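S.K.:
In the numbering used here, the protein residues as written are 5 to 37.
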């Protein structure tokens with residue numbers, strides 16, 4: 005059985021990285037226009 009806290013930590017980390025990547029892509033997209 006997987007620990008619920010571990011799942012939550014992984015989920016939060018992935019969400020944080022995704023938001024950073026999304027911001028970088030958005031900035032790159034805006035700067036190239």
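The beta carbon of each residue, even a glycine, is placed where N, CA and C say it ideally should be. The structure displayed is predicted, hence computed values, not measured ones.
(1) Quick one: give me the first and last residue of the alpha helix (DSSP H) that residue 6 is part of.
(2) Measure the C-alpha to C-alpha separation of residue 32 and residue 22 and round it to an integer number of angstroms.
(3) Do we get a CB-CB distance below 8 Å when we pair residue 26 with the residues of chain C?
M.R.: Reading it off the structure:
(1) Per DSSP, residue 6 belongs to no alpha helix (DSSP H) and is neither H nor E.
(2) The alpha-carbon of residue 32 is positioned some 15 Å away from that of residue 22.
(3) Of the protein chains in this structure there is only one, and it is not chain C.
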